[in-house]
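Report on the following structure.
There are 2 protein chains.
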Amino acid sequence: MTARSPLAPKSFPKLPPIDGVRLGGASAGVKYKGRPDLFMAELAPGTVVAGALTRSLTRSAPVDWCAQVLKKGSARAILVNAGNSNAFTGKAGMEAVRVMVDAAAEAVGCKPKEVLVASTGVIGVKLPADRISKATPKLHKSLKSDGWSRAAQAILTTDTFPKGASASCTIDGVPVTIAGFAKGSGMIAPDMATMLAFLFTDAAIPQAVLQKLTTKAVDKSFNCMTVDGDTSTSDTVLVAATGAAGNKAPKKASDKALKGFREALTQVMTDLAVLVAKDGEGAQKFITVDVTGAASDKAARRVGLSIANSPLVKTAIAGEDANWGRIVMAVGKAGERADRDRLTVAMGGVVIAEKGEGVADYDETPVAEHLKGRDVKIDVDLGIGRGKARVWTCDLTHGYIDINADYRT
Amino acid sequence: MTARSPLAPKSFPKLPPIDGVRLGGASAGVKYKGRPDLFMAELAPGTVVAGALTRSLTRSAPVDWCAQVLKKGSARAILVNAGNSNAFTGKAGMEAVRVMVDAAAEAVGCKPKEVLVASTGVIGVKLPADRISKATPKLHKSLKSDGWSRAAQAILTTDTFPKGASASCTIDGVPVTIAGFAKGSGMIAPDMATMLAFLFTDAAIPQAVLQKLTTKAVDKSFNCMTVDGDTSTSDTVLVAATGAAGNKAPKKASDKALKGFREALTQVMTDLAVLVAKDGEGAQKFITVDVTGAASDKAARRVGLSIANSPLVKTAIAGEDANWGRIVMAVGKAGERADRDRLTVAMGGVVIAEKGEGVADYDETPVAEHLKGRDVKIDVDLGIGRGKARVWTCDLTHGYIDINADYRT
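So this is what it looks like as structure tokens:
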């Protein structure tokens, strides 16, 4: 096991219970031994679910299954294994999904089509689903409303720490809570941010509205985060709303009563996305890129991701080298409108280059000092419009090579 | 200096003289000491030039200048320095270009607008052009028709070996020759393949025809090669045709008489592109990706580049790990039409996966053996059309991180 990321928080946060949700983790021994590798949640009757799935054209069987369940939009259980992604496993892939959903449906007493599944791990190895079905009944009996930590641990692969976040708000004066957890460390890129994330809320929200809110929040959070630009075949974000809070259900995603909820949902997803970047394979530094002055928000995000995905920018930061020329390069290759002579680049809040050249009396001392820290800040202003975006990533180090040059063995 | 790439050829090839071209290299001390860092070529009157320049929106002043000269399409000299890219240097950038072109024009006795320039190296540091103008007269006196090796050395930066190639053919029965050299090691990606390359031929070809032939050949060679997906601000490919061979000038790029020339030009560019990939920063293995059965040639190239740019595929190969699941992932994220269940993946000629799953009786032994070698072959058939492309890259190793984490110091 790789050492815990130096960017990890001190401990897993205390997450509040969500009325209508019981969850936990168990060891099914799919690939890993001596650690939980199976996560299950039971959702109260009436729970609606929304999600965002990978846009990969070689997506896994579990993702195909989730797409079907999400069309209906309600679910009673989620079952997830780590260690094997059940991707590119031919017909056996969907057969393994059936074994998983049947086991969960039997335990919970619901229809198989009310079970969501996800699998993460190595691609192209047939999933021994019988180990999962065997472990499910006992796991189901152990579910409880405060099972967060064990659940979050059960979905990890190359992650070095479990990732959780929560927020609360009100809808029409009724307090509601959102809590969730995520996994992801390598093969992380937008479209959508390659990982698994499961969020739960007691808010009463119609499925169509929840789906819209989820899509928007994913766009502002997970889709603004990258580790290596690689998109996995298994990316899945699921949001389950039990309705137990008893608020008046809003009819539209744009409903004013949802202002707090929209912010809270985006906040929880952002917290999780940041944690994923902080656990990027081999990460030693967390990088926040703010792009302003772009032609549009979308253009700003593309420029930000071009910087955040550049191996040259990421290795320079790993080497604590204020090589801002590479940031200029990454802006230039993004394919979005840019004007060399209006571009401003800052690191650690210090303007290094502006108006098409380096600042004349630039003193590298404070920037060098900034780069020695764990949190690196890059600001780019394109000077041509009002579009802006914030993107998160980590540096590219020897650790990434160590982890990925020999993942399967 | 980094150790010579294990993928390098034994020696620099013997390149034939090109009638109408004299060339050489000298030490101007721009950044490097004790090695040639200035390349110059003098071209006979009447030489036409074509080129391909970076599409970066933050391109350098020398690239801006070349774009102007290429519009006219004739040139008498090329002057290139290594160690400083004269990119993102504000107004001083074009002033430095003027110093360079004036020096070359005076030495050769031509107009400044007949001089092409290129600069490669660090971004954002003002170019001490006076060192170049001071070194130019003596360099000009030393030019000779067999100055290839020194010229090729003078343009290197993080390269570990000089790269040259040549080919000959006939146009309407008249023998013509093409010879050239290139540099490039990191910040290498298509659009266009990030590097400098200079090709010379004695063929008589009208400028408009030469430009079309150049664009097509670049597309099939340099634009099919990647090291790290990063596009530089300085990419420049120039082709100069002196016309000294005395062949009848063809009127169209599609002229049948140009068949051999088209092939020879593409061959020389391909040889140089392959050498650049073999000198990829930290490269230990050379990777050839063949994509077939795609919806179009363009789609095939995008899929090939998605594989060739994937850090996970490249680190797996560095680790000699036959992790074909990552190839499936890279196909899925390319954004081109693909069908998981028609996809075939082979490594080293051994089919590993087909019809949406791993081959049942797959024996990894020959593939593992193949991956221990220096030349790695990946074949992907999408099974949906007739589009095909070949793409070249190298593996991603600790060497890349070592070189790039501390480039400037």
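Quick note, the sequences are listed as chains A and B, same order. Our numbering puts the first sequence at residues -12 to 396. Our numbering puts the second sequence at residues -12 to 396. Beta carbons: idealized from backbone N, C-alpha and C, even for Gly.
| query | For histidine 385/B, which residues in chain A fall below 7 Å Cβ to Cβ? | reply | His385, Ile388
| From aspartate 354/A to alanine 90/B, what distance separates their C-alpha atoms? | Reading the sequence as shown, one finds valine at residue 354/A and not aspartate. Cα to Cα, the separation comes out at about 38 Å.
| Sequence-distant residues of its chain with Cβ nearer than 7 Å to alanine 282/A (five each side left out) | Glu323, Arg324, Ile371, Gly372, Gly374
| Nearest-angstrom Cα distance between alanine -10/A and asparagine 71/A? | 22 Å
| task | Quick one: residues in its chain with C-beta nearer than 8 Å to the C-beta of glutamate 341/B, no 5 flanking neighbours on either side, listed in chain order? | result | Leu330, Thr331, Val332
| Measuring CA to CA, which of Ile142/A, Lys20/A, Thr229/A is closest to proline 32/A? | Thr229/A
| Closer than 8 Å, CB to CB, is lysine 342/B near chain A or not? | yes
| field | Members of the region 108 to 121 of chain A that neighbour chain B once the beta carbon cut-off is set at 7 Å | value | Val109, Ile110, Gly111
| Can the beta-carbon of alanine 48/A be found closer than 8 Å to that of asparagine 73/A? | yes
| query | Would you report the Cα separation of threonine 220/A and glycine 319/B, rounded to the nearest angstrom? | reply | 7 Å
| message | Report the CB separation of phenylalanine 75/A from glycine 111/A in whole angstroms; it is logged as a contact under 8 Å. | response | 5 Å
| query | Does any residue of chain B bring its CB to less than 8 Å from the CB of tryptophan 379/A? | reply | no
| query | Got a sec: does the ligand SAH put a non-hydrogen atom nearer than 7 Å to the Cβ of serine 241/B? | reply | Questions concerning the ligand SAH fall outside what the structure shown contains, since it holds no ligand whatsoever.
| query | Since arginine 9/A and glutamate 29/A are thought to touch, with beta carbons under 8 Å apart, how far apart are those beta carbons, to the nearest angstrom? | reply | 5 Å
| task | Please name the residues in the region 286 to 307 of chain B whose beta-carbon is closer than 7 Å to at least one beta-carbon of chain A, in chain order. | result | Ser297, Pro298, Leu299, Thr302, Ala303, Ala305, Gly306
| message | Suppose contacts are defined by Cβ-Cβ distances below 8 Å. Is phenylalanine 168/A in contact with alanine 138/A by that definition? | response | yes
| said: Give me, in chain order, the residues of the same chain whose beta-carbon lies closer than 7 Å to that of leucine 197/A; leave out the 5 immediate sequence neighbours on both sides. | reply: Val35, Ala37, Val226, Ala228
| Exposed or buried, aspartate 117/A, counting other C-beta atoms within 10 Å across all chains shown (16 or more means buried)? | exposed
| message | For aspartate 328/A, which residues in the same chain have their Cβ closer than 7 Å to its Cβ, ignoring the five residues on either side in sequence? | response | Lys342, Gly343
| task | Would you please verify whether the beta carbon of lysine 359/B is less than 8 Å from any beta carbon of chain A? | result | no
| task | Could you confirm whether any beta carbon from chain A is found closer than 8 Å to the beta carbon of threonine 182/B? | result | Sequence inspection shows methionine at residue 182/B; the threonine mentioned does not correspond to that position. Cβ-Cβ to chain A under 8 Å: no for methionine 182/B.
| said: From the DSSP secondary-structure annotation, give me the bridge partner or partners of isoleucine 365/A. | reply: Val276/A, Met334/A
| For isoleucine 388/A, which of helix, strand or coil comes out of DSSP? | helix
| So, is the C-beta of lysine 170/A closer than 8 Å to a C-beta in chain B? | no
| query | To the nearest angstrom, how far is it from the Cα of glycine 335/B to the Cα of isoleucine 365/B? | reply | 7 Å
| Between the C-alpha atoms of alanine 92/A and threonine 202/A, what's the straight-line distance to the nearest angstrom? | 27 Å
| task | Identify each residue in the region 140 to 159 of chain B for which the Cβ-Cβ distance to at least one residue of chain A is less than 7 Å, and report them in chain order. | result | none
| said: One question on the structure: do phenylalanine 209/A and alanine -5/A come within less than 8 Å of each other, judged by their Cβ atoms? | reply: no
| Which residues, in chain order, does the region 316 to 327 of chain B contribute to contact with chain A at a C-beta distance below 9 Å? | Met316, Ala317, Val318, Gly319, Lys320, Ala321, Gly322, Glu323, Arg324, Ala325, Asp326, Arg327
| To which residues does DSSP link leucine 292/A through a beta bridge? | Answer is none; leucine 292/A lacks a bridge partner.
| query | So, helix, strand or coil for tryptophan 135/B, using DSSP? | reply | helix
| task | Kindly say whether asparagine 391/B, judged by its beta-carbon, lies nearer than 8 Å to any beta-carbon of chain A. | result | yes
| Given a threshold of 16 other Cβ atoms within 10 Å of its Cβ, counted over all protein chains shown, does glycine 360/B qualify as buried or as exposed? | exposed
| task | Please list the residues of the region 39 to 55 of chain A that have a C-beta atom closer than 7 Å to any C-beta atom in chain B, keeping them in chain order. | result | Ser43, Leu44, Thr45, Arg46
| task | State whether the region 275 to 292 of chain B contacts the region 375 to 390 of chain A, with contact taken as three or more CB pairs (one from each stretch) at a distance under 8 Å. | result | no
| Which residues, in chain order, does the region 53 to 83 of chain A contribute to contact with chain B at a C-beta distance below 9 Å? | Ser72, Ala74, Phe75, Thr76, Gly77, Lys78, Ala79, Gly80
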